[in-house]
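Here is the structure we will look at.
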Amino acid sequence: TQLLEQSPQFLSIQEGENLTVYCNSSSVFSSLQWYRQEPGEGPVLLVTVVTGGEVKKLKRLTFQFGDARKDSSLHITAAQTGDTGLYLCAGEEGGSEKLVFGKGTKLTVNP
Amino acid sequence: KAGVTQTPRYLIKTRGQQVTLSCSPISGHRSVSWYQQTPGQGLQFLFEYFSETQRNKGNFPGRFSGRQFSNSRSEMNVSTLELGDSALYLCASSSGPSGEQFFGPGTRLTVL
């Protein structure tokens, strides 16, 4: 089973700060997805990256897929309290169409 | 368009009992996947159904089973509950096996 390691596990910052969270694996993934999950709700898909080196921007969020398609990062600029949540990365496991999830980064943005 | 619904939202059971959880996918979606989420292990894939057939299965014991009906609604069953089965069980639906997954709010199962 391919594993995805996310870091940091917990992150607490002040509103307005920038942050980066990481998702790493020793395996190659055909695509990688980022989700945000808020308490009491299921994860919501933010973005899917499929090409090595790909960079996607979603307002203040920037997602990057590593050249070798083994790692990804999520950068948030000028964090807001509404960004608080659990950020999960997930990769499609070896052509099986099964999603493998990292354990997540729990982000708290304080006012 | 209504989202994925899961019932019940909360459930308390005792060891040895069995439980059935229900998931209604988004209208028109034919693929339903189930996941178990715990603080220690994170989100783990249980199984996926498409057009009433199980397409994929995760590494869980046979006590975990599921099925899908002709209207795409799905149920999962856990027999002989153990304390370690306490978790948030999430259901996700998609239009097809490779489509974007939309998650429901989950069923919080507590085993005492």
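So the protein sequences, as listed, match chains A and B. For the first sequence, the working numbering begins at 188 and goes up steadily by one. For the second sequence, the working numbering begins at 114 and goes up steadily by one. C-beta: ideal position from N, C-alpha, C; glycine also.
Residues of the segment 227-259 of chain A with a C-beta atom less than 9 angstroms from some C-beta of chain B are G227, E228, G229, P230, V231, L232 and T235, listed in chain order. Between the segment 236-253 of chain A and the segment 137-156 of chain B there are fewer than three inter-stretch CB-CB distances shorter than 8 angstroms, so the stretches are not counted as touching.
Contact with chain A is found for V117 (chain B), since one of that chain's Cβ atoms lies less than 9 angstroms from the residue's Cβ. With fewer than 16 other Cβ atoms from the protein chains shown falling within 10 Å of its own Cβ, T223 (chain B) counts as exposed. Closer than 9 angstroms to the CB of S187 (chain B) there is not a single CB belonging to chain A. If the five residues before and after S206 (chain B) are omitted, its C-beta is found closer than 6 angstroms to the C-beta atoms of V117, P138, I139, H142, V145 and F215, all from its own chain and listed in chain order.
At least one CB atom of chain B sits nearer than 9 angstroms to the CB of F288 (chain A).
Think of a sphere of 8 angstroms around the beta carbon of Q214 (chain B): the chain A residues whose beta carbon falls inside it are L232 and L286, in chain order.
Boundaries of the beta strand (DSSP E) harbouring E279 (chain A): G272 to E280, taken from the DSSP string.
Residue pairing of D254 (chain A) in beta bridges, as defined by DSSP: absent, with no partner found. Taking 8 angstroms as the upper bound on Cβ-Cβ separation, chain A lies near residues Q154, G155, L156, Q157, F158, E161, R168, N169, G171 and N172 of the segment 153-172 of chain B.
K244 (chain A): member of the beta strand (DSSP E) spanning V242 to L245, first to last residue.
L225 (chain B) sits in coil when the DSSP states are folded into three classes, being neither helix nor strand.
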